[in-house]
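Residue numbers (UniProt numbering): 1 to 72.
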């Protein structure tokens, strides 16, 4: 549970792009297990939008997540 004045920012494209993959084998998008485990927690005075970025796990076992934010 999050504290009262905090919320989880969910990526707008979370249904299409995962953020983490299994690492027991070389990356194969048809075989590897993929899910979402990365995100951001913000306080109520922050307006935020997150987007998962598909890099096909080129540099790591995670895809990057971009956060655009502004203070309210």
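For each residue, glycine too, the CB sits at the ideal point set by N, CA and C.
The model shown is predicted, which means the values in this text are computed figures rather than measured ones.
| Check | Outcome |
| --- | --- |
| Under 9 Å between C-beta atoms of residue 8 and residue 41 | yes |
| Nearest-angstrom Cβ-Cβ length linking residue 57 and residue 14, presumed shorter than 8 Å | Going by Cβ atoms, the distance from residue 57 to residue 14 rounds to 16 Å, so no, they are not a contact pair. |
| Any C-beta of chain C under 9 Å from that of residue 37 | The structure shown contains no chain C; it holds only a single protein chain. |
| Nearest to residue 62 (by Cα), restricted to the options 5, 2, 12, 18 | 18 |
| Coarse secondary structure for residue 50, derived from DSSP in three states | strand |
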